[in-house]
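In my numbering, the protein residues as written are 2 to 235.
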């Protein structure tokens, strides 16, 4: 039996107890009102690693679109999930502010549906493969409203900054940017342009599988020893 306490106080005690996902899941089965208080915690940060997980997640939310809109704020979709399924998830989780989208485009014709789904999200953080959206490397990211809104952006494609900046330097709201880096292919002038024009940028992270001293020497020769540059191994 739960102690006889005011609901407001009991709710605060329960939420303080749900400090991990495992504890929150346990509390879901304690009592109906405790379920109501903790369910939002369980759904606030979701990671979908497989197609089956994605379908189970959808089946739990389809009957409750308003709950999905209100509860799910952070979502990770891994590469074992089909893009078609990922789009369905995005269409119902319209309150997302953080998204890691690494799904696989196994079926043609999903790009336009994905663009529409992304356009309706209040995202501030996004990690994505541009190849999910485009079949060309000559794109202008500011043309899409989703890229004009996010402040924390990771582009996972390896070819970014090889032949153009994709007009990243026009995304004045960016505070954090992560791109793939190669001393053989990445153009230093493009990094310099982004650093010069993105006045809000606090950190640009260059992800690479090359040795740190090799990357450092490259940046030094290119006169790119900027305190905002961070090197991160793959």
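Heads up, the beta-carbon is just placed ideally off N, CA and C, and yes, glycines get one too.
Starting from the Cα of residue i, find the closest Cα among the options and give me that residue.
i: residue 73; options: 231, 130 and 42; result: 42
i: residue 134; options: 219, 53, 103 and 204; result: 103
i: residue 65; options: 222, 150, 203 and 93; result: 93
i: residue 186; options: 159, 151 and 193; result: 159
i: residue 150; options: 100, 204, 188 and 138; result: 100
Could you check if residue i is buried or exposed, using at least 16 other CB atoms within 10 Å of its CB as the buried criterion?
i: residue 90; result: buried
i: residue 212; result: exposed
i: residue 200; result: exposed
i: residue 169; result: buried
i: residue 28; result: With a pLDDT of only 45 at residue 28, under the threshold of 50, the placement of this residue in the model should not be trusted; the figure read from the coordinates follows. By the neighbour-count rule (16 or more Cβ atoms within 10 Å), residue 28 is buried.
i: residue 190; result: exposed
i: residue 22; result: Low per-residue confidence applies at residue 22: pLDDT is 48, beneath 50, and the placement is therefore not dependable, though the value from the model is reported in the following sentence. Counting Cβ neighbours within 10 Å, residue 22 comes out exposed, since fewer than 16 surround it.
i: residue 36; result: Note that residue 36 scores 48 on pLDDT, short of 50, meaning its location in the model is unreliable and no value can be drawn from it.
i: residue 86; result: buried
Under 8 Å between the Cβ atoms of residue i and residue j?
i: residue 207; j: residue 175; result: no
i: residue 146; j: residue 120; result: yes
i: residue 140; j: residue 131; result: yes
i: residue 180; j: residue 162; result: yes
i: residue 143; j: residue 178; result: no
i: residue 183; j: residue 209; result: yes
i: residue 202; j: residue 228; result: no
i: residue 88; j: residue 69; result: no
i: residue 232; j: residue 216; result: yes
i: residue 193; j: residue 225; result: yes
i: residue 122; j: residue 97; result: yes
i: residue 137; j: residue 164; result: no
Using the DSSP secondary-structure output, state which residues sit across from residue i in a beta bridge.
i: residue 155; result: 128 and 179
i: residue 46; result: 75
Exercise. Is it a yes or a no for the segment 45 to 59 touching the segment 78 to 87, going by three-plus beta-carbon pairs under 8 Å?
Worked result: yes
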